[in-house]
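The structure under discussion appears below in the form of structure tokens.
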Ligand SMILES: NC(=O)c1ccc[n+]([C@@H]2O[C@H](COP(=O)([O-])OP(=O)(O)OC[C@H]3O[C@@H](n4cnc5c(N)ncnc54)[C@H](OP(=O)(O)O)[C@@H]3O)[C@@H](O)[C@H]2O)c1
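Here it is, written out as structure tokens:
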């Protein structure tokens with residue numbers, strides 16, 4: 024089968040399409056023909072040798088999600104049959120023509136979506152769903168999302184709006200913020216030149232925002248903590264602006280803030296399976312009705328995986344970049 028392989032850690036040009044052996048069907052797995060996969064920031068780090076995959080996963084084949092069609096099923100599985108359209112959240116190796124995946128990490132593709140759209144769904148939507156759950160986000164609350172025009176940010180806007188939230192978001196691009204309005208963003212804050220702390224203060228009569236979904240950290244950190252209302256919650260999902268920041272702990276203490284860190288990839292199969300089960304139950308029906316939709320920047324053939332990585336590294340994409348087999 025064909026796969027995109029990292030020849031050696033380095034720039035996008037190290038990605039090459041090669042023939043490799045098919046993964047083995049096991050008792051507890053489903054073998055799927057991958058129609059499409061989608062890029063994630065973790066792929067960029069792993070390509071450079073800066074993000075080791077979990078044990079048992081090949082480091083030279085990237086990819087955390089896919090959509091395709093079931094070819095064979097393991098003797099110990101029961102949920103899917105050959106020909107079913109599936110999408111999956113997997114710990115790696117999705118940039119390949121076939122994937123052998125525990126059935127508990129697979130979801131049926133909603134009828135309304137084609138397989139390219141389905142490939143854009145698992146990682147960002149499950150990340151945002153899980154983040155809002157951990158934030159104990161309440162119906163009708165206000166949410167601030169940093170890097171709102173990212174894949175995770177766009178999923179977060181849609182999920183929070185489906186709970187009746189008012190959603191504010193930051194981006195460095197006015198163009199992207201305008202596009203975010205089309206998917207439901209209430210208030211876009213371009214940073215710089217705007218200072219989101221005073222913006223939030225003015226828009227909340229000085230009270231602050233109760234919840235932040237943070238994909239940036241870096242230089243935003245102190246402003247974020249000051250922008251939270253008393254007993255506010257912040258979940259740290261990405262570190263796009265850098266992982267080092269000094270924390271005014273007196274503020275955390277006095278305002279009784281809650282700061283939560285999260286990572287999907289490092290979780291056990293059991294934890295991920297529960298998350299996929301709950302997401303399938305709570306959120307997939309909203310794709311059937313059209314209330315939620317994956318946002319796709321573009322679809323490229325797998326031979327252009329290097330170009331796709333360069334595009335994401337230059338921050339030009341608005342939504343998911345799909346690789347099609
Ligand atoms: N914890 C987890 O389990 C988990 C799971 C999935 C993703 N993530 C993380 O979530 C983040 C978003 O991933 P994604 O795939 O959704 O990204 P994406 O679609 O590629 O979007 C990233 C956006 O972030 C903004 N950005 C980049 N560098 C920035 C900086 N230095 N300061 C401020 N904004 C910056 C850019 O938007 P603008 O040009 O608009 O500023 C860029 O388009 C990544 O850090 C990723 O690793 C974490």
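In our numbering, the protein residues as written are 24 to 348. A virtual CB, placed ideally from N, CA and C, is assigned to each residue, including glycine.
Residue i Cβ short of 7 Å to ligand 2 heavy atom set
i: residue 36; result: As far as ligands go, the structure on display features ligand 1 and does not contain ligand 2.
Beta bridge counterpart(s) of residue i as assigned by DSSP
i: residue 99; result: Paired residues: none, contrary to the question.
i: residue 19; result: No answer is possible for residue 19: it lies beyond the span of the chain, which begins at 24 and ends at 348.
i: residue 90; result: 59 and 110
i: residue 30; result: In DSSP, residue 30 forms no bridge with anything.
i: residue 39; result: 28
i: residue 234; result: 166 and 256
i: residue 52; result: 125
i: residue 119; result: 26
i: residue 131; result: 109
i: residue 251; result: 232
Nearest residue (CA-CA) to residue i, options the options
i: residue 290; options: 77, 29 and 36; result: 77
i: residue 175; options: 276, 146, 241 and 326; result: 146
i: residue 98; options: 132, 89, 133 and 50; result: 50
i: residue 352; options: 346, 223 and 107; result: Lying before the first or after the last residue shown, residue 352 is absent from the chain, which here runs from 24 to 348.
i: residue 347; options: 337, 326, 194 and 335; result: 326
i: residue 319; options: 139, 270 and 217; result: 139
i: residue 339; options: 149, 173 and 178; result: 173
i: residue 379; options: 220, 244, 201 and 271; result: Residue 379 lies beyond the range of the chain shown here (24 to 348); nothing can be said about it.
i: residue 158; options: 235, 119 and 123; result: 235
i: residue 275; options: 298, 286 and 244; result: 244
i: residue 105; options: 114, 115, 113 and 94; result: 94
i: residue 252; options: 113, 166, 55 and 148; result: 166
i: residue 312; options: 38, 43 and 185; result: 185
i: residue 91; options: 114, 115, 141 and 342; result: 141
Residue i classed as buried or exposed, judged by whether at least 16 other C-beta atoms fall within 10 angstroms
i: residue 69; result: buried
i: residue 121; result: buried
i: residue 181; result: buried
i: residue 351; result: Outside the displayed span of the chain (24 to 348) sits residue 351, for which this structure offers no information.
i: residue 118; result: buried
i: residue 135; result: exposed
i: residue 111; result: buried
i: residue 321; result: exposed
i: residue 137; result: exposed
i: residue 288; result: buried
i: residue 42; result: exposed
i: residue 47; result: exposed
Residue i CB to nearest heavy atom of ligand 1 below 7 Å
i: residue 146; result: yes
i: residue 347; result: no
i: residue 335; result: yes
i: residue 245; result: no
i: residue 352; result: In the structure as shown, the chain starts at 24 and stops at 348, and residue 352 therefore has no counterpart that could be examined.
i: residue 285; result: yes
i: residue 291; result: no
i: residue 170; result: yes
i: residue 175; result: yes
i: residue 199; result: yes
i: residue 340; result: yes
i: residue 137; result: no
i: residue 65; result: yes
i: residue 195; result: yes
i: residue 187; result: no
* **Segments assigned beta strand (DSSP E), at least 3 residues, entirely inside the stretch 259 to 346** => 281 to 284 and 319 to 324
* Asked: Can you list the beta strand (DSSP E) stretches of 3 or more residues lying completely in the stretch 153 to 199, in chain order?
  -> 165 to 168 and 189 to 194
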